[in-house]
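**Student:** Starting off with a structure, shown below.
Numbering (our numbering), first residue to last: -19 to 128.
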């Protein structure tokens, strides 16, 4: 950190904002039974030998609340996209239709909902720790600055 109080404060705020932004991004990817493009947009697809985010390869829409529709920009990538979604560990079952992929997002069972609650609590706690550490570091630097 720096020796300027304003810089110490700005760096701490930035670290805390990054933590909350990261948590928001993680929470958008949690499968709650409602279909959202965020469920699959960061799935890595092996596209001509390089891992690429799905959102860069296809248009992802939600025609119904429990359904995702993926329309690849390159029809040749259809099977690779389907494989990537199946292997992503999301518990989704993609169905190929002509030049698009349809995914029905099932409503979670009671035990799956409990797993989601546990997972979300863990995500929140991890980011709380990051925020506490940023605050502690800033306080430590501010105290050192005040003493010296």
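We put the CB at the ideal spot given by N, CA and C, even for glycine.
All figures in this text were calculated on a predicted structure; none of them were measured in a lab.
1. Tell me, please, whether the region 11 to 18 touches the region 35 to 54 by the rule of three or more beta-carbon pairs shorter than 8 Å.
2. Give a yes or no on whether the C-beta atoms belonging to residue 103 and residue 6 are separated by under 8 Å.
3. For residue 48, which of helix, strand or coil comes out of DSSP?
4. Should residue 129 and residue 27 be called a contact, given that it needs their Cβ atoms to be closer than 8 Å?
5. To which residues of the same chain is residue 60 closer than 7 Å at the C-beta, ignoring the five residues directly before and after it?
6. Which class does residue 98 belong to by DSSP, given the choice of helix, strand or coil?
7. Give me whichever residues DSSP pairs with residue 80 in a beta bridge.
8. When burial is assigned at 16 or more other CB atoms within 10 Å of the CB, is residue 39 buried or exposed?
9. Counting Cβ pairs, one atom from each stretch, are 3 or more of them under 8 Å apart for the region 101 to 117 and the region -7 to 9?
10. Suppose the cutoff is 6 Å on Cβ atoms and the five residues either side in sequence are ignored; what does the same chain contact list for residue 83 look like?
11. Could you pull out every residue in the same chain whose Cβ sits closer than 6 Å to the Cβ of residue 41, ignoring the five residues on either side in sequence?
12. Put residue 32 into one of helix, strand or coil per three-state DSSP.
**Tutor:** Concretely, from the data shown:
1. yes
2. yes
3. strand
4. Residue 129 lies beyond the residue range present for the chain, which begins at -19 and ends at 128; the question has no answer from this structure.
5. 25, 26 and 27
6. helix
7. 77
8. Counting the other Cβ atoms within 10 Å of the Cβ of residue 39 gives fewer than 16, which makes it exposed.
9. yes
10. 48, 72 and 74
11. 49
12. Three-state DSSP puts residue 32 in a strand.
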